[in-house]
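According to the working numbering, the sequence shown is numbered sequentially starting from 111.
Built from N, CA and C at the ideal position, the CB exists for glycine as well.
In this text the structure is predicted, and so the values were computed from the model without any measurement.
Quick notes on the structure that follows.
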Amino acid sequence: MSCCKTNCNNICYFIISISLIFILLIWNLILTIVVSNNSAHINSFNYAPENVQEGGYITFDTNRVVEKNDITHQEGTSDFIINQAGNYYIQFNTTVYEPPSTGKEATLSVYLEHNNATVYGTTVGETVTNAYQTVNLHFAVIIKADSGDILRVKNNSGTVIELLQPNLDIIKIK
């Protein structure tokens with residue numbers, strides 16, 4: 111009886127392992143098709159920490175990957191310009207450092223702007239309760255954009271924030 115249980119468990123583990131491998135392969139295939147078929151994308155980030163004033167825009171000093179010219183960005187600036195109308199997937203993440211100068215409870219917040227208007231669903235914030243605290247901020251959204259539209263990420267915290275390696279991905283999906 112114990113031999114049957116062992117064999118059943120081994121078979122179950124094998125089936126689960128094969129299923130997980132299959133799911134991961136399908137997921138990678140889907141991502142490869144989405145990015146390679148549309149292949150218009152940009153990934154920008156900052157190496158050095160950046161202080162952003164309240165109401166200021168995050169600048170990105172490095173374009174790590176730029177494919178096609180559907181989206182353009184000049185390194186060291188905040189504006190991402192859409193050159194080809196379509197649907198775009200936008201993902202942002204960063205770690206925010208609460209400066210010791212405030213040392214009080216504050217909500218550190220950013221959001222995506224599309225032609226100077228807030229993109230609803232992208233306002234993200236975390237509350238810090240004391241100095242030297244870090245929080246992670248992240249949003250992802252799909253938008254429809256026209257040629258000439260401008261995208262940028264804005265500090266909405268009510269205070270100066272220090273960002274550690276902010277990272278922005280924009281991928282044309284249609």
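- Message: Under 8 angstroms, with one C-beta from each stretch per pair, do the stretch 231 to 251 and the stretch 188 to 207 reach the 3-pair mark?
- Response: yes
- State the Cα-Cα distance for the pair Leu-274 and Ile-121, rounded to the nearest angstrom. Numbered from its first residue, the sequence shown carries residue 274 at position 164. Numbered from its first residue, the sequence shown carries residue 121 at position 11. Approximately 47 angstroms between the Cα atoms of the pair.
- Message: At 4 residues or longer, what runs of the alpha helix (DSSP H) sit wholly inside the stretch 150 to 198?
- Response: none
- Query: How about Asn-193 and Lys-254: do their beta carbons lie closer than 8 angstroms?
  - Reply: Here residue 193 corresponds to residue number 83 of the sequence shown, with the count starting at 1. Here residue 254 corresponds to residue number 144 of the sequence shown, with the count starting at 1. No. Outside cutoff.
- Message: Just verifying my parser: in three-state terms, what is the DSSP assignment at Ile-125?
- Response: The residue you call residue 125 lines up with position 15 of the sequence shown. Here Ile-125 sits in helix by DSSP.
- Task: Answer with buried or exposed for Ser-267, where buried requires no fewer than 16 other C-beta atoms within 10 angstroms of its C-beta.
- Result: Walking along the sequence shown from the start, residue 267 turns up at place 157. The residue in question, Ser-267, is buried, as its Cβ has 16 or more Cβ neighbours within 10 Å.
- Task: Assign Asp-256 to one of two classes, buried (16 or more other C-beta atoms within 10 Å of its C-beta) or exposed (fewer than that).
- Result: Taking the sequence shown and counting its residues from 1, the one referred to as residue 256 is at position 146. Asp-256 comes out exposed.
- Item | Of the residues Thr-172, Ile-125, Ile-128 and Asn-153, the one placed nearest Asp-279, counting alpha carbons only | As a first step, residue 279 must be located in the sequence shown, where it is residue number 169. The shortest C-alpha separation from Asp-279 is found at Asn-153.
- Message: On a Cα-Cα basis, can you pick out the residue from Thr-182, His-183, His-151 and Asp-189 that is closest to Leu-222?
- Response: As a first step, residue 222 must be located in the sequence shown, where it is residue number 112. Selected option, being the one with the closest Cα: Asp-189.
- Item | Asn-161 vs Val-270 beta-carbon contact at 8 angstroms | The residue given as residue 161 occupies position 51 in the sequence shown. The residue given as residue 270 occupies position 160 in the sequence shown. Yes, Cβ-Cβ distance for Asn-161 and Val-270 is below 8 angstroms.
- Query: Between the C-alpha atoms of Asn-277 and Gly-186, what's the straight-line distance to the nearest angstrom?
  - Reply: Residue mapping note: residue 277 aligns to position 167 of the sequence shown, counting from 1. Residue mapping note: residue 186 aligns to position 76 of the sequence shown, counting from 1. Taking the straight line from one Cα to the other gives about 13 angstroms.
- Query: Can you tell me the Cα-Cα spacing of Phe-155 and Ala-195, whole angstroms?
  - Reply: For this step, residue 155 is matched to residue 45 along the sequence shown. For this step, residue 195 is matched to residue 85 along the sequence shown. Whole-angstrom Cα-Cα distance: 24 angstroms.
- Taking all protein chains shown into account, decide if Lys-284 is buried (16 or more other Cβ within 10 angstroms of its Cβ) or exposed. For the purposes of this step, residue 284 is taken as residue 174 along the sequence shown, with counting starting at 1. When all chains shown are included, Lys-284 counts as exposed.
- Beta-ladder partner(s) of Gly-235, from DSSP: Residue numbering aside, residue 235 sits at position 125 when the sequence shown is read from its first letter. According to DSSP, which records beta bridges pairwise, Gly-235 is partnered with Ser-219.
- Message: Taking its Cβ as the centre, do 16 or more other Cβ atoms sit within 10 Å of Ile-281, making it buried, or is it exposed?
- Response: The residue you call residue 281 lines up with position 171 of the sequence shown. Counting Cβ neighbours within 10 Å, Ile-281 comes out buried, since at least 16 surround it.
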